[in-house]
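Notes follow the structure.
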Amino acid sequence: MTVKNPDREALAHGRITNEPIRQKPGVPTWALKLGMAITGLFFALFVVGHMAGNLKLYMPAKDGEEALDVYGSFLRTMGEPLLPAGTLLWIIRIVLIAAVLIHIYGAFALTARSKQARGKFKRSNLMGGMDSFATKTMLVTGVFLLLFVVFHLLDLTMGVTPVAPEEFVHGSVKANMIATFSRWPVTIIYVLAMICLFLHLTHGIRLAASDLGITGAKWRQTFLVLAYIIPAVVCIGNIVMPLSVALGWVS
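Positions in the sequence shown are counted from 1; adding 1140 to them yields this note's numbering.
Structure below.
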């Protein structure tokens, strides 16, 4: 291995250098991988629950209240009367923000360390097909998803125009979804984001199995199956909703 700035005196005595090849990182690599695995699985569970709740879009109104609006009200008031309204929801949001920061830091730190360790000797053609594509685009799909989350919050949570439609009304979840997905450019953005989510989750769940030290054949096979089933269900569920609105099937 080529060593930068070698000790000339050490070379003369048959040693390359007395200095370590690279500095010890502040956060161990195993800790970064563990953090990314845990936060990644947490995100996978969150998007499944988020999709399941939003599927109430197709449920009929009861006593004049839309099922999706009732669900939105439940999220804002859950924890009452033990906790004030919105407290538990904000706790979940803070945990999600912390998980996002840990995941982002780990992704960029591991990518930088990987490039530094390989140097000019880059591996290629180790995998084929979609696995190889998902691996190569993990950072790209991750950045796109981060931007999409910001867009999604401005659109359907905060109602900030021009990202959100002018008809946005806080608390009217179903009406807001219909208004925003009636715009084809927005619907296309959501569909592209779900394709990126499928690729990111598929590879991420498979990596999580390795990073968590799961080596048993049956457990690894289980994670492999879940790595395709969970992202596929989430992707299809979240694509059907905006398309059904955009095509006029839900109004």
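C-beta: ideal position from N, C-alpha, C; glycine also.
Note that the structure is a prediction, hence the values are computed from the model and not measured.
Nearest neighbour of residue i, chosen from the options [CA to CA]
{"i": "Ile1318", "options": "Ala1184, Gly1180, Lys1196", "result": "Lys1196"}
{"i": "Val1390", "options": "Leu1185, Pro1200, Met1191, Val1167", "result": "Pro1200"}
{"i": "Ser1322", "options": "Asp1351, Val1385, Pro1302, Ala1304", "result": "Val1385"}
{"i": "Leu1383", "options": "Thr1297, Val1188, Val1331", "result": "Val1331"}
{"i": "Leu1236", "options": "Thr1320, Met1176, Asn1316", "result": "Met1176"}
{"i": "Gly1204", "options": "Ala1349, Arg1233, Ala1348, Ser1312", "result": "Ser1312"}
{"i": "Phe1273", "options": "Cys1336, Gly1388, Asn1194", "result": "Cys1336"}
{"i": "Val1380", "options": "Leu1293, Glu1220, Asn1194", "result": "Asn1194"}
{"i": "Ile1232", "options": "Val1167, Gly1166, Glu1307, Gly1189", "result": "Gly1189"}
{"i": "Ile1328", "options": "Leu1387, Val1167, Ala1257", "result": "Leu1387"}
Exposure of residue i, with buried meaning 16 or more beta-carbon neighbours within 10 Å
{"i": "Val1326", "result": "buried"}
{"i": "His1243", "result": "buried"}
{"i": "Phe1338", "result": "buried"}
{"i": "Pro1305", "result": "buried"}
{"i": "Thr1362", "result": "exposed"}
{"i": "Leu1172", "result": "buried"}
Residue i Cβ short of 7 angstroms to the ligand ZN heavy atom set
{"i": "Gly1175", "result": "With respect to the ligand ZN, the structure shown offers nothing to examine, as it has no ligands at all."}
Expected contact under 8 angstroms - CB spacing of residue i and residue j to nearest Å
{"i": "Leu1229", "j": "Leu1215", "result": "6 angstroms"}
{"i": "Ala1239", "j": "Phe1183", "result": "7 angstroms"}
{"i": "Leu1223", "j": "Asp1351", "result": "Rounded, the Cβ-Cβ distance is 34 angstroms, inconsistent with contact."}
{"i": "Phe1291", "j": "Val1309", "result": "Not really, about 19 angstroms apart at Cβ, beyond 8 angstroms."}
Residues near residue i in its chain [Cβ-Cβ closer than 6 angstroms; skip 5 each side]
{"i": "Met1141", "result": "Below a pLDDT of 50, predicted positions are generally treated as unreliable, and Met1141, at 48, falls in that range; no measurement from the model is reported."}
{"i": "Asn1378", "result": "Met1191, Met1334"}
{"i": "Val1187", "result": "Val1374"}
{"i": "Thr1217", "result": "Ala1225"}
{"i": "Ala1348", "result": "Ala1177, Gly1180, Leu1181"}
{"i": "Leu1293", "result": "none"}
Cβ shell of residue i (< 8 angstroms), same chain only, five flanking positions each side left out
{"i": "Thr1169", "result": "Leu1250, Arg1253"}
{"i": "Ile1354", "result": "Arg1360, Phe1363"}
{"i": "Thr1227", "result": "Gly1219"}
{"i": "Leu1366", "result": "Ile1345"}
Beta-carbon contacts of residue i that lie in its chain and below 7 angstroms, excluding the five residues immediately before and after
{"i": "Lys1314", "result": "Leu1197, Glu1206, Leu1208, Asp1209"}
{"i": "Ile1376", "result": "none"}
{"i": "Pro1221", "result": "none"}
Worksheet item: Is the number of C-beta pairs between the segment 1335-1345 and the segment 1271-1285 that are closer than 8 angstroms three or more?
Response: Yes, since at least three Cβ pairs between the segment 1335-1345 and the segment 1271-1285 fall closer than 8 angstroms, the two stretches touch.
Discussion item. For the structure I just gave you, are there three or more beta carbon pairs, one from the segment 1210-1226 and one from the segment 1280-1290, closer than 8 angstroms?
Written reply: Between the segment 1210-1226 and the segment 1280-1290 there are fewer than three inter-stretch CB-CB distances shorter than 8 angstroms, so the stretches are not counted as touching.
Worksheet item: Can we say the segment 1355-1373 touches the segment 1283-1296, given the rule of at least three CB pairs closer than 8 angstroms?
Response: With a cut-off of 8 angstroms, the segment 1283-1296 and the segment 1355-1373 do not count as touching, because too few Cβ pairs lie within range.
Practice prompt. Would you check if the segment 1236-1251 and the segment 1296-1303 touch, i.e. whether three or more CB-CB distances between them fall below 8 angstroms?
Written response: The segment 1296-1303 is not in contact with the segment 1236-1251.
Discussion item. Across the segment 1171-1181 and the segment 1370-1377, are there enough close Cβ pairs to call them in contact, namely three or more that are closer than 8 angstroms?
Written reply: In this structure the segment 1171-1181 does not lie against the segment 1370-1377, because fewer than three pairs of beta carbons, one per stretch, are closer than 8 angstroms.
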